Structures are given as structure tokens and as C-alpha cells.
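**Q**
Written out as C-alpha cells, the structure reads:
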């Protein structure tokens, strides 16, 4: 029988006993028995008739609490809730409030049960979110298929993955094609197609028939192990509010206990009425239990991290959730982050001569492997380059001669050196100059394409009050056009990697208190920048060790809008954390205050205090579970 | 050296925080985190330390706070 079931049975039997005794001694002629109990008339059988049912119910409900409390006396842990509850209920007995002692213990246990149930439930739902661990692997060894644990797979071994099975290690398809569901890794629900030669990430689920794959990495180096490791260790980086609350609990409990002592002794010395004041002091003890406070905060963070991982966002710790939720500065790298990182022909000037310009350029560039030449050829595939002799002049361009034509294709200097006149221009991006037979034809503008949702992402960030900055190693005109299209507030161009670090350090040095600086990059060359910023976010870094290592937040798919999702999760988590802290603290403060002035005993006495302890904890846990729900954008 | 333990019957969040604080004070332990929600303890021990001895101390610290809690090495 599970622990919870056992507790439930105990609570039910204790409750029946308690309810029977309570009804009998409140609403029947047996009512008079209470006087014997209150007068401690131990010689009278009616004393026992009154006390024993309550005592039995009390022990059934709370024997483990009492046992732990006594054990604590020997280990010196007098501030733990078992001890406090025991003192409070023993005190009630001493005041001959047998019904109250019993009821409070019962109610406390009900609350504890709820709490343990709620924690268990949330633990399960978080665990389900992170259920990406492959259970086994089918390896072909000596021509036979054997099932081993993923840890035993060696690199280079051939594996078989059947439909519905999880990919155990990072691998490459060698036979068969199909598609995998990687949503638990990336949050992207569209299946990913693969065919022979394509890499498949561990943790994804094979949706199609059996495929043969070759292991590329051992399990512990595979993506799935890295992700699991990261999420499980997320608790080691605690948020400030989490540290605050555990620290607060350390002082809160002793303070309230001292308050209880003072309340139980000082006022009655002057005014008398010991019983009333001691009762109030006991109520204080019940409220002094710290658990409701302590549980709600880490649970919220854990839920937030779990919910984010479902959306393909790995957050390495509660502290980063805290920083992400702050207003502040978002610094973007340009190439590969705001832009695709692939060069493309953006424009051709003048437009009416485009086909002629492109034909000439394609002929000239047909022999070149330069990235710019490649992007021209991709845009305008060469059709007839026969009969031309090509001369490449390093750092300048290409000269193509043949069929009675001389084509020049290269940079501005190339034109000047060859005496070609061209109109002055101010194009953003890299301009390729094309001339034929000494006459200028036009320009081809090569630029990096901006990501489709870059502008929307930047706009949303600005709307929520964040400053946006773009840093790039590229030249100023190219930077300007991307900055304008994306809508960032500021940009700096011509930066070397170390300049980016100092630029971010500058922003951090000048930020207002309570703000955070978040750097977003592709995680490849920007490890130093990622580590100096308050939150280093790398995008599309799935499968890249360096990115996972260096960054604090990893967006598993290359989608800028994940930043908005991450921020929304962070803001929501922080809101829930704050709600929980304020709710728990204010309920406890209110009950303490009402108790001190004597109102609590009019509206439920210690029962109300128990609610302030466990009831609040349960409500806070339920509230914390809302962090798991992530709306996808 | 890093070790991860599953903690059985860890029943209260405040106790988890207390265990974490106490274990961090043990000589030979460079870092310890207790995660109440996943019921796990991560211990990072100094390489020079005699881990068997350190572990004894860790176990004692855990038992002091939660007598019913056992550590299972993962």
C-alpha cells in the first residue's frame, strides 16, 4: 500500500472517530461530560469516556508526527513542523481543549496529505514533460540484433530503430528513409524527414518503419543526455527569490516561536488570563511552520523550466528565468541570428538591365568558388560560359574574355583600375560591379537575408519595454539595412569578436539597477559574449556542444520567436512566484495579527492557523503548476 | 567527483533546503544541491577527500533532518 493511501485510511478512521465524539459531546446529553474533562476529574469514569475517543483519534491521525517530534528533541531540531505541531496540540490538551487538539492534528494531516499529493502530481507531470530518455537500443552485433541499454552503444555501430521507438544516440541514417518526431526536443511539432546520410538526433521518435542507422556519438555525448543533464541540474543555479525564501524561512520560524513565547508570557503577567494567552501562543506555533513558503517558489521555477523545455527552450536555472523576466537590453548578433547567415542576391541595378547583368556576371563567376560568386551562380545559373577565358584577380574580381566580349565582374576598385566609369551609389550590402567592353552595366547587391520573424520579435521586445541592440562584424551599410529592417534601436558595426565582448560589457556597466542584459547569438563564435552577458541565449544550437556549454538558455530550433516565448514563460513564472510569496506571507501575517489581538479564536481558532499553514501550501502548489502550461506562439 | 543520489521519502521542502545547507558545510564537499521536486541530491566532492568518509557525514546530515530518508546512488 502506498504511503499516501495508508495516510488516507488513517485520516478517514481518525475522522470518523473524531466526528462521532464531537457530535456526541456537543449535541447530546453527553455534553455534560466535557465539564469532567475540563476539570481534570480523573477519578470519574466520565472523564475517560470523554477523553479516550479524542485521544484515540489524535494518535491515529498524528502518531508519526509525535514520533518525529520526539526524535527531534534528541537531534536538536526544535524548529521543524512536526515538533511545532506536537507542542501546539499538547498545549491544547494541557488547556483541556481535547477536541481542538484532535481536530487540529487531523486537519494538519489532511493538509499534509493534500500537499504530498499535489507535489507528487506536479512531479509526475514535470517528469512526463522531460520523458525523452531512450530506454533501450537495438544494435546489430555479429549479424544479430541485440537489445542493450543506450549507454552500451559504441560509436560506429549499426542500430535498428523501429516505428515508435526513441532514437537512443545521435546517429546518421544508413538505410531507409522516413520521418522523426522531435517535438520533445525542439517543441516543433512538424515531423522531420530524413533519408540516407541525414543526421538524426537522439531523443526523437521514429514515426515510420524500421530504419538502420550508424551511431555517431556515445550516449553520454548525445543530445538527449546533454539535455537531460542540463534540465536536471537546473536546480543548482537558484534564483534570488528562491534563496530569499529559504533564508527567510530560517529566520521566520524562530522569530514566530519567540513571538509565541512572548505572547504566552508577557501579557498574562500583567493582565492574567493565562489560558487565553497560551492558546494564542499555541496558534502562533502552528502558523510558524515554514513549509508552505519554501515549497511554492522552487516548484514554480521547476515548472517554468519544465514548461519551457516542452517548447524547445532549455533554461539552465531559475536565476536565468528571473533575469529573462526583467526589462532590459536584448543584444543580438547579426549574422546567423537576425539574418539567415546565407548570402543571397538581393537586388540588381538597374532593374531594366537585370538579365544582361546577371548573364555577364554568371559567365565571369562560373569558375570561382568565392562565396559571393557562389551566391550569384545560385541566383543566375550559368548557361553558356563556353568560349570564355577567365582570369581571377585576387581581391578584385574576375575578367572574362571571349566571343568578342570582355566582361569585368568585381568590386569598386576593380572598376577604377580598369578605367570603367560608374555612377556613385550607396547600396547596402556587398555590391558586385559588372562591366562589359569597357562600359558599366550595373550592380548586383549581395546581402544576407533577414529572418522572417526578426522584425516581429524585435517589435514585441520593444513593446514590452526592452531596448534592442544589434552587434556585427559586418560593414556599416550592411549593418544599417538589417538594423532598419529588424527595427532594432541601436547597432554597432565593424566589431571584432573582442569588441563585441566590450560592447556588451559597456551595456552591462551602464544598465539601470534591476535590468538584465541578454545576448542572443548562434552559439558558434560568441562563447565569450554569451558568458559575460546576464543571460546568454544561443539559437538553433541543438547538437552543438559548444553552444549548450556556453549559453544559459538554448533555443533548440532556429526560430527567433522562441525568445518571445521564453520571455513570456519567464514573466509568467515570476508572476506566479511573486503571487505565491505574497499570498503565503500575507495570509500568515494576517493570521498572526488576528491571533495576537484575539480575533482568530472567534473565527476558528487553531483550525484557521492550520489552514494558514497547509492550506496555503496546497493553494501555492496548485498555483505553481500553472507554470507548466505554455501557450505556443 | 560528482555524485547524484535519489532521496527516498524526502517529505518537506524546508527539510530539503536544510539538508542542502548542512551538506554544504561538510569538509570535503565542494558543492551540494538538493532538489526537492525531483528528489535528488547532487554532490560535488573534493578530489583529494576520502569519499567514503565524506559520504558517511553526508548520510548523517541527511538522517538528522529526515530520519526516514535514504540515499540511493544513481
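Residue numbers (this note's numbering), protein chains in the order written: chain S, 48 to 680; chain X, 22 to 95. Ideal Cβ positions, reconstructed from N, Cα and C, are used throughout, including at glycine. Nothing here was measured: the structure is a model prediction, and the numbers come from that model.
1) Note down, in chain order, each residue of its chain lying with its Cβ closer than 7 Å to the Cβ of residue 631 of chain S, except the 5 sequence neighbours on either side.
2) Using only the alpha-carbon positions, how far apart do residue 181 of chain S and residue 500 of chain S sit?
3) Give every residue of the same chain whose Cβ lies closer than 7 Å to the Cβ of residue 568 of chain S, excluding the five residues on either side of it in the sequence, and list them in chain order.
4) By the criterion of Cβ-Cβ separation under 7 Å, what are the contact partners of residue 349 of chain S in chain X?
5) Return the first residue and the last residue of the beta strand (DSSP E) that residue 563 of chain S is part of.
6) Shortest alpha-carbon distance to residue 156 of chain S belongs to which of S:112, S:270, S:188 and S:124?
7) Which stretch, first to last residue, makes up the alpha helix (DSSP H) that contains residue 61 of chain S?
8) Are there three or more Cβ pairs, one per stretch, closer than 8 Å when the stretch 344-354 of chain S is compared with the stretch 133-142 of chain S?
9) Report the neighbours of residue 76 of chain S on chain X: residues whose CB is nearer than 8 Å to its CB, in chain order.
10) Going by alpha carbons, who is nearest to residue 673 of chain S out of S:315, S:617, S:69 and S:638?
11) Note down, in chain order, all residues in the stretch 23-35 of chain X with a beta-carbon under 9 Å from any beta-carbon belonging to chain S.
12) Just checking: is the beta-carbon of residue 61 of chain X within a distance shorter than 8 Å of some beta-carbon in chain S?
13) Can you name the start and end residues of the alpha helix (DSSP H) that residue 121 of chain S belongs to?
14) Please decide whether residue 293 of chain S counts as near chain X, where near means a Cβ-Cβ distance under 8 Å.
15) Using only the alpha-carbon positions, how far apart do residue 259 of chain S and residue 199 of chain S sit?
16) Figure out for me which residue from S:132, S:143 and S:401 has the closest Cα to the Cα of residue 153 of chain S.
17) Counting along the chain, where does the beta strand (DSSP E) carrying residue 326 of chain S start and finish?
18) Can you find a CB in chain X that lies within less than 8 Å of the CB of residue 301 of chain S?
19) Is the stretch 25-38 of chain X in contact with the stretch 182-195 of chain S, if contact means three or more CB pairs nearer than 8 Å?
20) Mind listing the chain S neighbours of residue 38 of chain X? Cutoff is C-beta to C-beta under 8 Å, in chain order.
21) Express the C-alpha separation of residue 158 of chain S and residue 292 of chain S in angstroms, rounding to a whole number.
22) Give the single residue among S:549, S:71, S:197 and S:514 whose Cα lies nearest to the Cα of residue 537 of chain S.
23) How far does the beta strand (DSSP E) with residue 514 of chain S in it extend, from its first residue to its last?
24) Should residue 286 of chain S be labelled buried (16 or more other beta-carbon atoms within 10 Å of its own) or exposed?
25) Given a limit of 8 Å on CB to CB distance, which residues of the stretch 81-95 of chain X reach chain S?
26) Rank S:255, S:262 and S:256 by C-alpha distance to the C-alpha of residue 244 of chain S and give the top, closest one.
27) Tell me the DSSP bridge mates of residue 600 of chain S?
28) Answer yes or no: does any C-beta atom of chain X fall closer than 8 Å to that of residue 369 of chain S?
29) Since I believe residue 647 of chain S is in contact with residue 34 of chain S (beta carbons under 8 Å), could you give me their beta-carbon distance rounded to a whole number of angstroms?
30) Helix, strand or coil, according to DSSP, for residue 477 of chain S in the structure here?
31) To the nearest angstrom, report how far apart residue 680 of chain S and residue 559 of chain S are at their CA atoms.
32) Buried or exposed for residue 253 of chain S, please, with buried defined as at least 16 other CB atoms from any protein chain shown within 10 angstroms of its CB.
33) Do residue 367 of chain S and residue 20 of chain S count as a contact pair if the criterion is CB distance below 8 Å?
34) DSSP state of residue 191 of chain S, grouped into three classes?
35) Who are residue 42 of chain S's beta bridge partners in DSSP?
36) Does the Cβ of residue 542 of chain S have 16 or more other Cβ atoms within 10 Å, making it buried, or fewer, making it exposed?
**A** Concretely, from the data shown:
1) 339, 340, 343, 663 and 667
2) 34 Å
3) 380, 384, 576, 577 and 585
4) 58
5) 563-568
6) S:112
7) For residue 61 of chain S, the enclosing alpha helix (DSSP H) stretches over residues 50-74.
8) no
9) In chain order: nothing, as chain X lies at least about 43 Å away.
10) Nearest of S:315, S:617, S:69 and S:638 to residue 673 of chain S, Cα basis: S:617.
11) 25, 30, 32, 33, 34 and 35
12) Chain S, which has a Cβ nearer than 8 Å to the Cβ of residue 61 of chain X, makes this yes.
13) 92-122
14) yes
15) 17 Å
16) S:132
17) Element bounds for residue 326 of chain S: not the beta strand (DSSP E) but the alpha helix (DSSP H), 321-334.
18) no
19) no
20) Under the 8 Å cutoff, chain S gives 293, 296 and 341.
21) 21 Å
22) S:514
23) Residues 514-518.
24) Around the beta carbon of residue 286 of chain S, a 10 Å sphere encloses 16 or more other beta carbons of the protein chains shown; the residue is thus reported as buried.
25) 85, 86 and 88
26) For residue 244 of chain S, the closest of S:255, S:262 and S:256 by C-alpha to C-alpha distance is S:262.
27) S:362 and S:584
28) No, because no Cβ of chain X sits closer than 8 Å to the Cβ of residue 369 of chain S.
29) What is shown of chain S runs 48 to 680, which leaves residue 34 of chain S out entirely.
30) In this structure, residue 477 of chain S counts as strand in the three-state DSSP scheme.
31) Confidence in residue 680 of chain S is poor, its pLDDT being 49 and thus under 50, which makes the residue's placement unreliable; the coordinate value appears in the next sentence. Their Cα atoms are separated by approximately 30 Å.
32) buried
33) Chain S is shown from 48 up to 680; residue 20 of chain S falls before or after that span and cannot be answered.
34) Residue 191 of chain S: strand per DSSP, three-state reduction.
35) In the structure displayed, chain S extends from 48 to 680; residue 42 of chain S sits before or after that span and is not available.
36) With a threshold of 16 other beta carbon atoms within 10 Å, residue 542 of chain S meets it and is buried.
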